[in-house]
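In my numbering, the protein residues as written are 37 to 167.
Contents: one structure, followed by commentary.
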Ligand SMILES: [Zn+2]
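Listed below in structure tokens is the structure:
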């Protein structure tokens, strides 16, 4: 079986997976992420044993490794424009175009998820209704 790092769903081995950094992304999450600007939450410490970093972040004079938490949100450009300042929006848009995602601190992503309308993963939505 293959697992999607982002939604936790398992898939048969033959399923084509998509990469976000070195992390497996399932076709459903990939479709959602492609629809807009995708923000992936990170912490500066691994979230489980032997976790590999998704990226190195340089922020001012600080340099650290970022470990994804599996939390993500995908916003339309219109929503992202409301969330961020113009300058940040331009940077985020560019980073999203080149990498397919943008890393942001995990506590911020939880706040954004609760505040702004996101592009939903249709599969995880139906899972929620059943639960
Ligand atoms: Zn997934």
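Note that beta-carbon positions come from the ideal geometry of N, C-alpha and C, so glycine has one too.
Quick check on the burial criterion: 16 or more other C-beta atoms within 10 angstroms. Buried or exposed for residue i?
{"i": "residue 110", "result": "buried"}
{"i": "residue 138", "result": "buried"}
{"i": "residue 44", "result": "exposed"}
{"i": "residue 84", "result": "exposed"}
{"i": "residue 55", "result": "exposed"}
{"i": "residue 20", "result": "Coverage of the chain is limited to positions 37 through 167, which leaves residue 20 absent and any answer about it impossible."}
{"i": "residue 96", "result": "exposed"}
{"i": "residue 39", "result": "exposed"}
Looking at ligand 1, does it come within less than 7 Å of residue i, judged from the CB to the closest heavy atom?
{"i": "residue 99", "result": "no"}
{"i": "residue 54", "result": "no"}
{"i": "residue 137", "result": "no"}
{"i": "residue 107", "result": "no"}
{"i": "residue 132", "result": "no"}
{"i": "residue 113", "result": "no"}
{"i": "residue 64", "result": "yes"}
{"i": "residue 42", "result": "yes"}
{"i": "residue 85", "result": "no"}
{"i": "residue 45", "result": "yes"}
Any idea what DSSP makes of residue i, helix, strand or coil?
{"i": "residue 120", "result": "coil"}
{"i": "residue 71", "result": "coil"}
{"i": "residue 91", "result": "strand"}
{"i": "residue 151", "result": "helix"}
{"i": "residue 133", "result": "helix"}
{"i": "residue 66", "result": "helix"}
{"i": "residue 166", "result": "Unreliable positioning characterises residue 166 in this predicted model, as indicated by a pLDDT of 47, which lies under 50. The coordinate reading is nonetheless provided below. If DSSP states are grouped into helix, strand and coil, residue 166 belongs with the helices."}
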